[in-house]
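>
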Amino acid sequence: MLRTLWTSKSGMNANQDKLDAISNNLANSTTMGYKKMEVGFKDLLTESLDRNGVPLNDKTSVIGTGTR
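Taking the UniProt record's numbering, the leading residue of the sequence shown gets 1, the next gets one more, and so forth.
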């Protein structure tokens, strides 16, 4: 159950970061010299599989593991 809550919290934090970046970009859209903020996310499961093709754990599951 705690893993599910952590995954949900991770997704909500990622969405909040994206909303913060969008609102900051809108607020500063007319400011001279302002460079827009961009937020990128990566799924933790995909990231763990990208490390030389070896996952961080040997468990196989189909549930999400959060965002970064």
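Glycine included, each C-beta is placed from N, C-alpha and C at the ideal position.
On the three-state DSSP scale, how would you describe N24?
Reduced to three states, the DSSP call for N24 is helix.
> Excluding the 5 residues preceding and the 5 following V39 in the sequence, name in chain order all residues of the same chain whose CB lies nearer than 6 Å to its CB.
Closer than 6 Å at Cβ, skipping near neighbours: D17, K18, A21.
> Quick check: the Cα distance between N24 and R3, rounded to an integer number of angstroms?
N24 and R3: Cα-Cα distance of roughly 31 Å.
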